[in-house]
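In what follows, a single structure is set out as structure tokens and then discussed.
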């Protein structure tokens, strides 16, 4: 154990009033009816005596530039820490309050944004992060891997590639129990559907709660979602209710325990961070006639599916999302030229562990590429970091007319662009 390697954690529930609009589904019209399970902002501060990093994970659909800028500014006012060492991400639960906007939404959701709630959440994030930076305790760093089968599926193609890896960072206190745990798994938290009207962290909340209950020791567990742009429970879930949330979360939790049994202590205590802005490739403005024809085709398919009593929920969801993608694509024609896609890529280094943060919904194809091309064996992909701008899809996905590709502002080769720039940042780091 390095005597200078210290850490602390903190977790604060986000008090969400009844009636606020929820984020995640365009076809969910009503405000929330209450809180089913608490959502949190959680923070981990790690220092080696020379440098400090703060990792903040939130049970939210996403974070945006305004939120990140205010949280970073609030922390820097109190602590001498560079911006690149403050890492802010979201779990991407689709049952959280609506606090961010996108100018290329299918509908105009500006009226749903609760600005007062957003400011409260920003303030809570700052206070919780600062709390984690106090009273640091000696810890040792450990890392474990396992697999979780039966939760994530390729939501576009049932037989498509799935990332079933569970990557876990353990911060072990002097009593040999985890003080903090970071769980990384790639799967949309969409066990709960658009008909759910209660605030919930979805399956990542169950994972975090079970880990904290198991280890006790005031352990704080954080969830970091990975390259899950095309990963969800669409073909694995048996229902879309809270019992299924509990079952799915329990499966991931078992894999966390396997990772704990497999963990290896790390003797490298180097800490560093890097954050650079890049002009992401923008999609070519779609041909209006082509986009309208595709929209009409998806609308026809949707109306036909509504009258098909034998259609499966999975196929129905695919048809709905293709229609939604076509709708957003039409709006993109009018706004794409003015959309700013100068966005950050951020990497945190904890010994020989890398956490690669991107402000997008990255297809797992590119998550695999980053892990394979990196010289590091322990790489965590963190989607929804410093923003949530859109899907980064494969060229094939666009040709197939998938929702993720047609709703995105990014060009079809943005995944390769991200991979190349992540590799260049790793070399600098």
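In our numbering, the protein residues as written are -15 to 413.
Every residue, glycine too, gets a C-beta built ideally from N, C-alpha and C.
These numbers were taken from a predicted model, which means no experiment stands behind them.
Test item: CB-CB of residue i and residue j under 8 Å
i           : j           : result
residue 125 : residue -8  : no
residue 387 : residue 209 : no
residue 205 : residue 170 : no
residue 168 : residue 151 : yes
residue 381 : residue 140 : yes
residue 317 : residue 269 : yes
residue 422 : residue 293 : Missing from the structure shown is residue 422; the chain here goes from -15 to 413 and no further.
residue 52  : residue 37  : no
residue 360 : residue 374 : no
residue 398 : residue 188 : no
residue 77  : residue 147 : no
residue 226 : residue 123 : no
residue 149 : residue 216 : no
residue 326 : residue 267 : no
residue -4  : residue 112 : yes
residue 105 : residue 83  : yes
Rounded C-alpha distance that separates residue i from residue j
i           : j           : result
residue 49  : residue 344 : 12 Å
residue 90  : residue 19  : Only weak support is given to the placement of residue 90: the predicted model assigns it a pLDDT of 47, under 50, and the question is left unresolved by the model.
residue 237 : residue 7   : 25 Å
residue 348 : residue 1   : 35 Å
residue 362 : residue 409 : 16 Å
residue 184 : residue 135 : 18 Å
residue 403 : residue 320 : 23 Å
residue 272 : residue 42  : 38 Å
residue 307 : residue 291 : 16 Å
residue 331 : residue 4   : 34 Å
residue 75  : residue 277 : 35 Å
residue 172 : residue 232 : 12 Å
residue 203 : residue 165 : 7 Å
residue 201 : residue 163 : 7 Å
residue 304 : residue 315 : 17 Å
residue 385 : residue 329 : 28 Å
residue 221 : residue 297 : 11 Å
residue 281 : residue 66  : 50 Å
residue 246 : residue 195 : 16 Å
residue 287 : residue 103 : 41 Å
residue 191 : residue 257 : 27 Å
residue 423 : residue 85  : Past the edges of the chain, shown from -15 to 413, lies residue 423, and the structure says nothing about it.
residue 30  : residue 178 : 38 Å
residue 336 : residue 283 : 50 Å
residue 239 : residue 159 : 23 Å
residue 285 : residue 309 : 13 Å
residue 248 : residue 15  : 46 Å
residue 322 : residue 130 : 43 Å
As assigned by DSSP and simplified to three states, the class of residue i
i           : result
residue 222 : coil
residue 79  : coil
residue 66  : coil
residue 74  : strand
residue 12  : coil
residue 91  : Low confidence applies here, because residue 91 scores a pLDDT of 49, under 50, leaving its location unreliable; read the following figure in that light. DSSP places residue 91 in coil when its eight states are reduced to three.
residue 270 : coil
residue 103 : helix
residue 125 : strand
residue 394 : strand
residue 133 : coil
residue 209 : strand
residue 376 : strand
Neighbour-count burial assignment, residue i, 16 or more Cβ in a 10 Å radius
i           : result
residue 396 : buried
residue 107 : exposed
residue 218 : buried
residue 145 : exposed
residue 354 : buried
residue 250 : buried
residue 333 : buried
residue 45  : buried
residue 338 : buried
residue 223 : exposed
residue 127 : buried
residue 12  : buried
residue 161 : exposed
residue 110 : buried
residue 379 : exposed
residue 376 : buried
residue 406 : buried
Minimum Cβ-Cβ distance from residue i to chain D less than 8 Å
i           : result
residue 165 : Here chain D cannot be found, since the structure has a single protein chain.
Curious, which full-length alpha helix (DSSP H) runs of at least 4 residues does the segment 137 to 194 contain? none
Quick one: which unbroken beta strand (DSSP E) runs of 3-plus residues sit fully inside the segment 314 to 368? Chain order, please. 326 to 334, 337 to 341, 362 to 366
Entirely enclosed alpha helix (DSSP H) segments - the segment -11 to 63, minimum 4 residues: 49 to 62
Quick check on the DSSP output: what are the complete alpha helix (DSSP H) runs of length 4 or more inside the segment 241 to 298, in order along the chain? 272 to 290
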